[in-house]
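First the structure, in the form of structure tokens, and then the observations on it.
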Amino acid sequence: VRGEEPSVKHGGCVSLTSLPAGARGKIVDINAGAGLRRRLEAMGLRLGTEVTKICGLPLGGPVVVQARATRIGLGHGMAGKVMVEAIRAQ
Amino acid sequence: MSEDGYSRKKIVLAGNPNVGKSMLFHRLTGVHVTISNYPGTTVGYTLGRLHYPGGSPPGSPCSLAAGETLEVIDAPGVYSLDPTCKAEEVATGIIATAAVLVNVIDATNLERNLDLTLQLLEKNIPMVVALNLWDETAHLGIAIDDRKLESILGVPVVPTAAVTGEGIRTLVSRLASARPAPRPPSSPPERWKEIGRIVAACQVLSPRRHTFLQRLSDASVQPFSGFLLAAFVIGAAFVVIRLIGEGIIARLADPFFESLYAPILYRISSFLEGEGFFHNLLIGKLIGGRIDFRQSLGLLTTAPYIEFAMVLPYVSSFYLVLSFLEDFGYLPRLAILLDNFMHRVGLHGYAIIPNLLGLGCNVPAILATRILESRKERFIAATMISLAVPCAALQAMIFGLVGARGTLYVGAIYLTLFAVWLCCGIVLKSTVQGFEPELLIEIPHYRFPPLGPFLKKVWVRISGFLREAVPIILLGVLVINLVYFSQVFDVLADLTAPVVSGLWGLPRESIVAILLGFLRKDVAVGLLVPLDLSTKQLVVATTVLAMFFPCIATFVVFLKEFGIKDTLKASAIMILATTAVGTLQNLVF
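These protein sequences, in sequence, are chains A and B.
Position in the first sequence (first residue = 1) + 2 = our numbering.
Position in the second sequence (first residue = 1) + 536 = our numbering.
Right, dumping it as structure tokens:
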């Protein structure tokens, strides 16, 4: 169901939807079927990729992340499936 | 096989979306294709020719002869060789037929682009890599060793900047050295490891401070500033379109028609002695002894006036503004901001792009629905567009005619169309079976469009409009004269009077205009002028015209893209919705 917060905490990791804007994280898990996984991977979002969350739009809106040189917008549900481990700023 | 029967070697441009394949194609062949700054501009393929100057060295795998003419194909962009939408299916199909592949890479995004490069190499087709957007690497602090990349990949690598033309000659001359560099099939993790090694060996990044455009880019998707900017952009677009459109009409078109063109027509009119079949056909009726460009309905009077003095100014200014927004890279940001809202109508944010294109012309808009992933989304978007997104030509007429009675009434029409658009989406979302995918898009960098190609694009759109519109509008005026001349009209009017007069409260003659809307909507609205409608009738008639059946060009594209069954479904929706809305407006207003 759209608009619902999927898995906020998940063993020390958070989903992209709950990562604060401006924070960096490393992708540790993608809770999705093979099809979606492949699409995300082809766009450069894969296990181990470090991303910076640019922002999330309110009320179940999409999330924008920067992964190296690519800036990607992904729907709320999709973003909720991408689990990241927050990286502290030095 | 190409159209003249020779089978030519195919050079296919393949690469990720929005890396500049179409611009490169234009540079190679001189054929103009629509180029914008958003992923998914190209949804079909375009053929062009390249007269090859030099030959291949003896024994090279793709053996191009000196002076040979090659067929160059511009294909839609793909992220991988597993297609996820119709546009990507088109591309993967074409790649398989290539004699030589030109893999176009975004040099500012080497790592992600190489994934497809490695997959293409596995296909064992002779290949050249164009390291495009080379001109943008310097200010982003990216340094790539193209020689090293060439030796690692095993195929020629040429830095190019398609926008400026840099490197295009070298690319052409190295086509002859294209060669396959086969790799064993690899799993994605193996490829990424390999890519990591390649990038580490060939690319050096030095941090750069954020430029103004990058900060603007961030601000355009932030929750608060993003919506503020969007409101500003849409408002500014509207004001600029009006200013330019009205400016051309008042300063150029009207003076031309009134002082230069009208005197010639009066001569013809007096030569034809002011009456008779030919006079009516060419000049039309004289109103109070004078030619009235809006009402005379002649092939030489009303037809060119509607097209050149009422519609063309607005079409031109609309395409100027839309093209700028496309090329600057704003549209994907709008898609992000509106994603949430678009889900209410069964679509995702990216569907805003075909809808916006529809405000120009519904035909490319329906083709552009190919960037949507599911059939359900495509059907919803295309139906909404043909039902409730008025094209620029129609809008120009709405502003010209209804606007003269008061801006409020123009507002009423737009509000009605928006409500219809919304209801159509909401109803189809819950009734059409199928999958509603989520938004997943790459957001391009903001770029100031290079002036030459930008103006060329606007010109191609405007001249395309004229080529299609002028013959049909002349045909329309001819048909209308024949209909009035013959007795067909009375039969038609009697048949349709219960709906036209009974439900919509319009004079029975308006059926001719409504039916002619099937040919062209702008000329159809023009036909309402001589009917002396009340303001209420004008609003009802214009709304009905906007919604009732798309024009023939849109209808044909719809049929091609969706097949007969879905076209009938969409047509039924249009007829029902139009009847209901026209009646409602008649009752409520």
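Note that the Cβ used here is the ideal one computed from N, Cα and C, for glycine as well.
Predicted, not measured: the structure shown is a model, and the values here were computed from it.
DSSP places residue 698/B in the coil class of the three-state scheme, outside both helix and strand. At a cut-off of 9 Å, the C-beta of residue 883/B has no neighbouring C-beta in chain A. Spanning the alpha carbons of residue 1062/B and residue 609/B requires a straight line of approximately 41 Å. Three or more Cβ pairs drawn from the region 923-930 of chain B and the region 956-964 of chain B lie within less than 8 Å of each other, which places the two stretches in contact. In this structure, residue 725/B keeps its C-beta atom at 9 Å or more from the C-beta atom of residue 710/B. Under DSSP, residue 795/B forms no beta bridge with any residue. Around residue 757/B, the beta-carbon contacts reaching into chain A at under 8 Å are 56, 57, 59, 66 and 75. Boundaries of the alpha helix (DSSP H) around residue 653/B: 646-657. Within the region 927-1011 of chain B, the complete alpha helix (DSSP H) runs of at least 4 residues fall at 928-933 and 943-967. Scanning chain A for C-beta atoms nearer than 7 Å to the C-beta of residue 870/B yields nothing, as the closest lies near 11 Å away.
In this structure, DSSP gives residue 1013/B a helical state, which the three-state scheme calls helix. For residue 613/B, no Cβ of chain A is located within less than 9 Å of the residue's own Cβ. For residue 80/A, the nearest beta carbon of chain B is closer than 9 Å to its own beta carbon.
Here the C-alpha atom of residue 577/B lies approximately 10 Å from the C-alpha atom of residue 569/B.
Inter-segment contact for the region 940-956 of chain B and the region 1072-1084 of chain B is present: three or more beta-carbon pairs are separated by less than 8 Å.
Closer than 9 Å to the CB of residue 907/B there is not a single CB belonging to chain A. Here the alpha carbons of residue 74/A and residue 31/A stand approximately 18 Å from one another. Contact between the region 837-851 of chain B and the region 763-771 of chain B is not established, with fewer than three Cβ pairs separated by less than 8 Å.
Under the 9 Å criterion on CB atoms, residue 702/B is classed as non-interfacial with respect to chain A. CA-CA distance, residue 1068/B to residue 1043/B, rounds to 9 Å. Interface annotation for the region 924-945 of chain B against chain A: empty, criterion Cβ-Cβ distance under 7 Å. Per the C-alpha coordinates, the member of 64/A, 71/A, 80/A and 57/A positioned closest to residue 754/B is 57/A.
Positions of the alpha helix (DSSP H) runs, each at least 4 residues long and wholly inside the region 795-882 of chain B, are given as 798-807, 813-818, 848-864 and 867-879 in order along the chain. Within a 10 Å sphere around the beta-carbon of residue 818/B sit 16 or more other beta-carbons, which makes this residue buried. Straight through space, the alpha carbons of residue 646/B and residue 564/B are spaced by roughly 23 Å. The beta carbon of residue 54/A is closer than 6 Å to those of 26 and 68 in its chain, skipping five residues each way along the sequence. Contact between residue 978/B and residue 716/B does not hold, since their C-beta atoms are separated by about 29 Å, which reaches or exceeds 8 Å. With contacts defined by Cβ atoms closer than 9 Å, residue 1120/B and residue 1055/B do not form a contacting pair. A distance of 9 Å or more separates the beta carbons of residue 906/B and residue 1087/B. Looking only at 686/B, 573/B and 712/B, the smallest Cα-Cα distance to residue 600/B is reached by 712/B.
Its chain contains 658 as the residues whose beta carbon lies nearer than 8 Å to that of residue 721/B, once the 5 sequence neighbours on both sides are disregarded; these appear in chain order.
For residue 36/A, no chain B residue has a C-beta closer than 7 Å to its own C-beta; the minimum C-beta separation is roughly 10 Å.
Contact annotation: in the region 974-1000 of chain B, residues whose CB is within less than 9 Å of a CB in chain A are 974, 975, 976, 977, 978, 979, 980 and 981. In the assembly as shown, residue 1124/B is an exposed residue. Its beta-carbon has fewer than 16 other beta-carbons within 10 Å.
Under the three-state reduction of DSSP output, residue 673/B falls in the coil class, being neither helix nor strand.
Interface with chain A (9 Å Cβ-Cβ cutoff): residue 1045/B is excluded.
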